[in-house]
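Notes follow the structure.
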Ligand code: MEV
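Numbering (our numbering), first residue to last: 768 to 1058.
What follows is the structure, encoded as structure tokens:
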């Protein structure tokens, strides 16, 4: 018996970290994702795993084994071959770790097992707000508030013709580490203010305010949280000088890269030289965002 599944990545437009503290956020499914195939084979006494496409290091192999191990609890062992075909850059803010949980749980235990998949996410991605899980599970744009049913969005919150993704490299920290770091500082009035500002950015975007003005405030608030490395702040300042705006999408980073930056400009081609000059790459995903 052969089973297949798919889970997209995610693009958070607004709300990073603020959603952990109950503020609202907006997120879209990414046009790329993870496809999983499970070929059952009763003759085998174990699960073989193949990883195709964008591969991770040994830690990712271990992470995938932990997912299958958690899903197996209370069930008879999975026998056969699980193949993961990954199109998502790993650990760069596009939801690869949650997409892997969802694609693998859908293919191994069935498509409607949301609670079981969420239990795996809770175990592996500690401290999360649920926004990644919600948008990837629903695979449609959502307005999210922790603990509430996500609202599917009808209105357009981002014009794909004017948006690009910039790959600034992997952060040295994991998302659970970054979330824990921000939580530790949450009593600092400047951090509290940044969290509030980010929540307000979500509402401003939803009301239709120009995304360039909103992104500029959102980016400054993320920088105040300490999750936007200095080199990325410099590049974003260059983009703003050209009349655009940009913000890290996803958890960002403290040291190393900041994952993906979501940039907007009336003419995105004008951003390309700035991106190159700062030593970063435009992700091919921008082609998918700009069909
Ligand atoms: C990570 O994609 C988004 C964060 O807000 C963490 C979370 O909400 O779980 C940084």
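In this text, a Cβ means the ideal position worked out from N, Cα and C, and glycines have one as well.
Only a predicted model underlies this, so the values are computations on that prediction, with no experimental measurement involved.
- According to the DSSP secondary-structure assignment, residue 770 is paired through a beta bridge with 805.
- The beta carbons of residue 981 and residue 1025 sit no closer together than 8 Å.
- When DSSP states are grouped into helix, strand and coil, residue 950 belongs to the helix group.
- Listed in chain order, the non-local C-beta contacts of residue 830 below 8 Å within the same chain comprise 823, 864, 867 and 891, local neighbours out to five positions each way being set aside.
- Rounded to the nearest angstrom, the Cβ distance from residue 899 to residue 777 is 6 Å, consistent with a contact under 8 Å.
- Annotated three-state conformation of residue 988 is helix, per DSSP.
- Counting every other CB atom within 10 Å of its CB across the protein chains shown gives residue 912 a total of 16 or more, marking it as buried.
- The C-beta separation of residue 934 from residue 1040 comes to about 16 Å, leaving the pair out of contact by the 8 Å criterion.
- Unbroken beta strand (DSSP E) stretches of 3 residues or longer found wholly inside the segment 839-906: 847-853, given in chain order.
- For residue 812, the three-state secondary structure derived from DSSP is coil.
- The alpha-carbon separation between residue 993 and residue 983 amounts to approximately 16 Å.
- Taking a C-beta distance under 8 Å as the contact criterion, residue 804 and residue 769 qualify as a contact pair.
- The DSSP-derived three-state label of residue 926 is coil.
- In this structure, the alpha-carbon of residue 1015 lies about 15 Å from that of residue 1032.
- Annotation: residue 955 to residue 965 spans about 16 Å, alpha carbon to alpha carbon.
- Relative to the ligand MEV, the nearest heavy atom lies less than 7 Å away from the CB of residue 1017.
- Boundaries of the beta strand (DSSP E) harbouring residue 1014: 1012-1015, taken from the DSSP string.
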